[in-house]
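Scroll down for the structure; my scribbles are underneath it.
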Amino acid sequence: MFSALCRQPTKDVEAQFLLAGSGPVPKPLQQVDVWKASKTWISAFEFDPYLLYLRADGKPLSHSQTRAVYMALLTLWNRNQIILTIDAGTAIIIANPVQTGPKTPINRIKDILANWIIAHVSRNRTAEQQKRALESNTKTAKVQNEVLGDRVKEMLYVGLVATDPQSQGHGYGGALLDTITSMADALGQASWLHSSSVINDGFYNSHGFETVGKIYLGDDNPEWHQEPVLLQIMVREPRNKPEVSPTEKHLKSYFVNPLPPFSFLV
């Protein structure tokens, strides 16, 4: 599950995205990066336990169809959510900062188009897929309300972290996540995300995220004959900042009109 900016970044603001020191350099996603980024999104989650559960007995979209959907969504979400990349789409992260003002007309139109695409794809779900999607939404909403409550409105949501499998192990995901959480620190915001694989626990823990809630899917589904699928809600509290610097004030003015958190398409 999983989970931008409303104007083109200036050179000064773009510089604030870069991590200090050496290593992979995150940059705002550009339109020319969307083709590769969509491939990264697909490849990174090909065997994700949560998505495999949601796919159930349905025939998945073809690779080309899925890629077209992801390209459209990345295009519509870009500059409305925070989308950063390393190596022009080889690794990407999508984050949703706190809403700080009303959406512009163009952003509302983008919102409508993105929701239409998601609704159109979801319309072809089988009965079993619909049942599992409802189970996921219901259980997740219940646990999220219990562990986050209204606080979620004041938190930065990390909707997606993905690195192409052939490029994993080079620190791309960590560099992207550190950049986003540094932004959250500058804004005084906690960060949260959904983790759909226990394999990623160590990675998220090493970047300050701790599990605050667990959702088990398939535990009461007679059509599911494997172990329940674990979905975790993880939170990272903001690091203390002695004062708000001019750079951080600049960042605050940059984070406006985000779209709501999203779930992966099946």
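Here the numbering used here runs 18 ahead of the position in the sequence shown, where the first position is 1. Think of the CB as a built atom: it goes at the ideal place given N, C-alpha and C, for glycine as much as any other residue.
Give the DSSP-derived three-state secondary structure of residue i in the structure shown.
{"i": "T197", "result": "helix"}
{"i": "L249", "result": "strand"}
{"i": "L102", "result": "strand"}
{"i": "R150", "result": "helix"}
{"i": "A86", "result": "helix"}
{"i": "G220", "result": "helix"}
{"i": "G9", "result": "In this structure the chain extends from 19 to 284, so residue 9 is not present and cannot be described."}
{"i": "K121", "result": "coil"}
{"i": "P44", "result": "coil"}
{"i": "N114", "result": "strand"}
{"i": "N96", "result": "strand"}
{"i": "S56", "result": "helix"}
{"i": "F63", "result": "coil"}
{"i": "E4", "result": "The question about residue 4 has no answer here: the residues shown for the chain are numbered 19 through 284."}
{"i": "S185", "result": "helix"}
{"i": "W293", "result": "This structure leaves residue 293 out entirely; the chain is present only between 19 and 284."}
{"i": "G76", "result": "coil"}
{"i": "Q244", "result": "coil"}
{"i": "H81", "result": "helix"}
{"i": "N155", "result": "helix"}
{"i": "G236", "result": "coil"}
{"i": "S140", "result": "helix"}
{"i": "G226", "result": "coil"}
{"i": "Y68", "result": "helix"}
Apply the 10 Å Cβ neighbour rule to residue i and answer buried if 16 or more other Cβ atoms are within range, or exposed otherwise.
{"i": "A145", "result": "exposed"}
{"i": "I104", "result": "buried"}
{"i": "D75", "result": "exposed"}
{"i": "E172", "result": "exposed"}
{"i": "Q207", "result": "buried"}
{"i": "K128", "result": "buried"}
{"i": "P260", "result": "Caution applies to P260, whose pLDDT of 43 falls short of 50 and renders its modelled position unreliable; the value that the coordinates give is listed next. Under this definition P260 is an exposed residue."}
{"i": "L205", "result": "buried"}
{"i": "S80", "result": "exposed"}
{"i": "F227", "result": "buried"}
{"i": "V52", "result": "buried"}
{"i": "F65", "result": "exposed"}
{"i": "R257", "result": "exposed"}
{"i": "R169", "result": "exposed"}
{"i": "P44", "result": "buried"}
{"i": "V262", "result": "Confidence at V262 is low in this model, with a pLDDT of 49, below 50, so the placement of that residue should be treated as unreliable; the coordinate-derived value is given next. So V262 counts as exposed."}
{"i": "N163", "result": "exposed"}
{"i": "P115", "result": "buried"}
{"i": "D238", "result": "exposed"}
{"i": "A137", "result": "exposed"}
{"i": "Q99", "result": "buried"}
Any heavy atom of the ligand SAM closer than 8 Å to the Cβ of residue i?
{"i": "E172", "result": "Summarising the ligand content, the structure contains no ligands, and the ligand SAM is consequently not present."}
From the DSSP secondary-structure annotation, give me the bridge partner or partners of residue i.
{"i": "R254", "result": "S209"}
{"i": "L174", "result": "S209"}
{"i": "A180", "result": "I110"}
Whole-angstrom Cβ separation of residue i and residue j, contact assumed at under 8 Å?
{"i": "P42", "j": "H188", "result": "7 Å"}
{"i": "P67", "j": "V247", "result": "5 Å"}
{"i": "Q250", "j": "K232", "result": "6 Å"}
{"i": "L195", "j": "I111", "result": "6 Å"}
{"i": "S154", "j": "L69", "result": "Not quite, the Cβ-Cβ distance comes to about 11 Å (not below 8 Å), so this is no contact."}
{"i": "A132", "j": "L94", "result": "4 Å"}
{"i": "T199", "j": "R254", "result": "6 Å"}
{"i": "D219", "j": "A109", "result": "Not really, about 19 Å apart at Cβ, beyond 8 Å."}
{"i": "Y222", "j": "M201", "result": "Incorrect: roughly 17 Å between the Cβ atoms, too far for contact."}
Within 9 Å of any Cβ in chain C, is that where the Cβ of residue i sits?
{"i": "L211", "result": "Going by chain labels, chain C is absent from the structure shown, which holds only one protein chain."}
Q: For the stretch 209-217 and the stretch 122-134, state whether three or more C-beta atom pairs, one from each stretch, are separated by less than 8 Å.
A: no
Q. Looking at C-beta atoms only, is the number of pairs between the stretch 173-181 and the stretch 132-145 that lie closer than 8 Å three or more?
A. no
Q. Using 8 Å as the Cβ pair cut-off and three pairs as the minimum, do the stretch 50-64 and the stretch 82-91 touch?
A. yes
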